[in-house]
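If you're matching positions, the sequence shown starts at 637 in the numbering used here and goes up one per residue.
Cβ coordinates follow ideal geometry from the N, Cα and C atoms, glycine included.
A quick note: this is a predicted structure, and the numbers were derived from the prediction, not measured.
Heads up, the thing below is written out as structure tokens.
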Amino acid sequence: MTEAVNELVVNRTDGREDGEDWAENYEELPGGAGISLIFESTTKEGVGPRLHKHPYAETFVIRRGSATFTIDTTVVVGRAGQILVVPAGTPHKFKTNPGGYEAVHIHENSSFETEWLE
637 MTEAVNELVV
647 NRTDGREDGE
657 DWAENYEELP
667 GGAGISLIFE
677 STTKEGVGPR
687 LHKHPYAETF
697 VIRRGSATFT
707 IDTTVVVGRA
717 GQILVVPAGT
727 PHKFKTNPGG
737 YEAVHIHENS
747 SFETEWLE
């Protein structure tokens, strides 16, 4: 039983055993999860990806700080304690605000598929 459980657990590659300052990407998760994840953590202002889109929805679970998102033509500030959902095929980007940003980005696909628009 322990061996089967170990095949379903994903540990941090940096060896830390907490959820702080976790910045890593995960694809093809065990157990047929059908999602991929980006753990984003920065204390820097102005960090974020350029305009892009995915053929699936992306959900942002913001744990700390804030970022200014452009989702299609709408600009919204996402803050700690909020969840933002970007529908499939929708162009989006974000830049972190002063104090940084920590979030989990959930891609509704087992691997990343990104079309860069800028």
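Helix, strand or coil: how does DSSP classify residue i here?
| i | result |
| --- | --- |
| P666 | helix |
| P727 | coil |
| L720 | strand |
| R756 | Residue 756 cannot be examined here, being either before or after the span of the chain that is shown, 637 to 754. |
| E660 | strand |
| T678 | strand |
| M637 | A caution first: M637 carries a pLDDT of 44, below 50, which makes its placement in the model unreliable, though a value can still be read off. Of the three classes helix, strand and coil, the one that applies to M637 here is coil, per DSSP. |
Determine which residues share a DSSP beta bridge with residue i and list them.
| i | result |
| --- | --- |
| S672 | H743 |
| R700 | E738 |
| H688 | H728, W752 |
Are the CB atoms of residue i and residue j nearer to each other than 7 Å?
| i | j | result |
| --- | --- | --- |
| I742 | H728 | no |
| S677 | E738 | yes |
| G701 | G735 | yes |
| H690 | W752 | no |
| G684 | T732 | yes |
| S747 | E663 | yes |
So, at 7 Å on beta carbons, what are the nonlocal neighbours of residue i in its own chain, with the 5 sequence-adjacent residues on each side left out?
| i | result |
| --- | --- |
| W658 | R648, F675, S677 |
| E643 | P666 |
| G725 | K689, P691 |
Looking only at its chain, what residues have a beta carbon closer than 8 Å to the beta carbon of residue i, apart from the 5 residues adjacent to it on each side?
| i | result |
| --- | --- |
| I698 | G714, R715, A716, G717, Q718, I719, L720, Y737, E738, A739 |
| K680 | T732, G736 |
Starting from the C-beta of residue i, find all residues in its chain whose C-beta is less than 6 Å away, skip the five residues before and the five after it, and write them out in chain order.
| i | result |
| --- | --- |
| T638 | Because T638 sits at a pLDDT of 48, beneath the cut-off of 50, its placement in the model cannot be relied upon, and the following sentence gives the value as read from the coordinates. Answer for T638: no residue qualifies. |
| field | Segment contact flag, the stretch 647-655 with the stretch 718-728, C-beta cutoff 8 Å, min 3 pairs | value | Three or more Cβ pairs closer than 8 Å define a contact, and the stretch 647-655 falls short of that threshold against the stretch 718-728.
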